[in-house]
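Structure, as structure tokens:
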Amino acid sequence: MISTVVREYKNRIIEGVCLDLVPLSATFSEDIAALRNREENRYNLNQDYELTKEMQDAWTEAYLDRDDDLYWCLVRKDGQFLGTIRLYEIKEDEKTCRQGSFMVDKDYAAEGPYALEAIILTLDFAFEKLLCGLVYNDDRCDNKVMNNLSKKFGFSFVEEISVKGVPYNLYRVAPDAYEKKREKIKPLIDYWKER
């Protein structure tokens, strides 16, 4: 059952080359709130309020009880918090999930291929561990960086949707389309590590 896999990985680190996906816990609440409250992130995440540590703590507590949601903190190998990424609305019967809550701290983003590796680690997990046939994501229409990243990983446009009255592009990717793109991107991450 997928819920068993989800429960296991709420307590298990996924190790990468340049960063690790560390399961969400309250120890990250302050870092997450600070990053989400940056003006650009609030805009791109369509967050119209100031997130407090206490609000993030409450959200985390509720999250830990869910079986259809995995939220990771992106942590550099030296322990530096870099951002977040998430797989949610995990539906075993439909073999689908959504990828989102993706942020990489701009103060560190140029230091390594962190965004690329975070996407690879989560999509590998979605297709290999959750056995998804499709992964969906939605990017704010005017967020050129995220729209380009989605296309870079083989996501194809489905339709424009509205999220709290704001236009977003809905994308989806299947394992075969992703794998073709992954083959080209993964060597860049390995090369970066060898530098």
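Numbering (the working numbering), first residue to last: 1 to 195. Just so you know, even glycine gets a beta-carbon here, dropped at the ideal spot from N, CA and C.
Checklist entry - Alpha carbon to alpha carbon, how far is A62 from E111? => result Position 62 of the sequence shown, counted from the start, is the residue given in the question as residue 62. Position 111 of the sequence shown, counted from the start, is the residue given in the question as residue 111. Spanning the two alpha carbons is a distance of roughly 34 angstroms.
Item to check | Which residues DSSP lists as bridging Y157, in chain order | outcome: As a working mapping, residue 157 is identified with position 157 in the sequence shown. It is Phe, not Tyr, that sits at residue 157 in the sequence shown. DSSP output for F157 lists Y171 as bridge partner(s).
Item to check | Straight-line Cα distance separating R98 from E160 | outcome: Residue mapping note: residue 160 aligns to position 160 of the sequence shown, counting from 1. Residue mapping note: residue 98 aligns to position 98 of the sequence shown, counting from 1. When rounded, the distance between both Cα atoms is 16 angstroms.
Item to check | Per-residue burial, P167 [other beta carbons within 10 Å of its own, 16 or more giving buried] | outcome: Residue numbering aside, residue 167 sits at position 167 when the sequence shown is read from its first letter. Per the 10 Å Cβ criterion, exposed.
Item to check | Every unbroken alpha helix (DSSP H) within the region 44-80, with a cutoff of 4 residues, ordered by chain | outcome: With a minimum length of 4 residues, the continuous alpha helix (DSSP H) runs that stay inside the region 44-80 are 53-64.
Checklist entry - Whose CA, out of V17, L134, M55, D107, lies closest to the CA of I189? => result The count along the sequence shown starts at 1 and reaches residue 189 at position 189. Measuring from the Cα of I189, the nearest candidate turns out to be V17.
Item to check | Residue range of the unbroken alpha helix (DSSP H) whose run includes L29 | outcome: Mapped onto the sequence shown, residue 29 falls at position 29. The sequence shown places Ser at residue 29, not Leu. Looking at the DSSP string, the run of the alpha helix (DSSP H) that includes S29 is 29-36.
Item to check | Ordered list of beta strand (DSSP E) runs contained in the region 105-159, each at least 3 residues | outcome: Segments of the beta strand (DSSP E) lying fully in the region 105-159: 134-140.
Checklist entry - How many Å lie between E92 and V22 at the Cα? => result Here residue 92 corresponds to residue number 92 of the sequence shown, with the count starting at 1. Here residue 22 corresponds to residue number 22 of the sequence shown, with the count starting at 1. Those two C-alpha atoms are separated by around 23 angstroms.
Item to check | CB contact flag (Y71, Y88, <9 angstroms) | outcome: In the sequence shown, the residue the question calls residue 71 occupies position 71. In the sequence shown, the residue the question calls residue 88 occupies position 88. The Cβ atoms of Y71 and Y88 lie closer than 9 angstroms to each other.
Next on the checklist: What does the alpha-carbon distance come out to for the pair R7 and K151?
Outcome noted: Counted from its first residue, the sequence shown places residue 7 at position 7. Counted from its first residue, the sequence shown places residue 151 at position 151. Answer to the nearest angstrom: the Cα atoms are 30 angstroms apart.
Item to check | Span separating the alpha-carbon of W192 from that of L121 | outcome: To locate residue 192, count along the sequence shown from 1; it is residue 192. To locate residue 121, count along the sequence shown from 1; it is residue 121. Between the alpha carbons of W192 and L121 lies a gap of roughly 16 angstroms.
Checklist entry - Across which residues does DSSP place Y88 in a beta bridge pair? => result Position 88 of the sequence shown, counting from 1, holds the residue named residue 88. Note: Y88 sits in a beta bridge opposite D69, R98.
Checklist entry - Considering only C-alpha positions, which residue in the set R66, D67, E39, E30 is nearest to M55? => result In the sequence shown, the residue the question calls residue 55 occupies position 55. Comparing Cα positions, the closest option is E30.
Checklist entry - Relative to the alpha-carbon of I90, which residue among D139, L131, K184 has its alpha-carbon at the smallest distance? => result Working through the sequence shown from its first residue, we reach residue 90 at position 90. Selected option, being the one with the closest Cα: L131.
Checklist entry - What separation, rounded to the nearest whole angstrom, lies between the Cα atoms of D57 and L35? => result Residue mapping note: residue 57 aligns to position 57 of the sequence shown, counting from 1. Residue mapping note: residue 35 aligns to position 35 of the sequence shown, counting from 1. Answer to the nearest angstrom: the Cα atoms are 15 angstroms apart.
Checklist entry - Thinking C-alpha only, which one of D48, L45, K10 is nearest C196? => result Beyond the ends of the chain as shown, which are 1 and 195, falls residue 196; an answer cannot be given.
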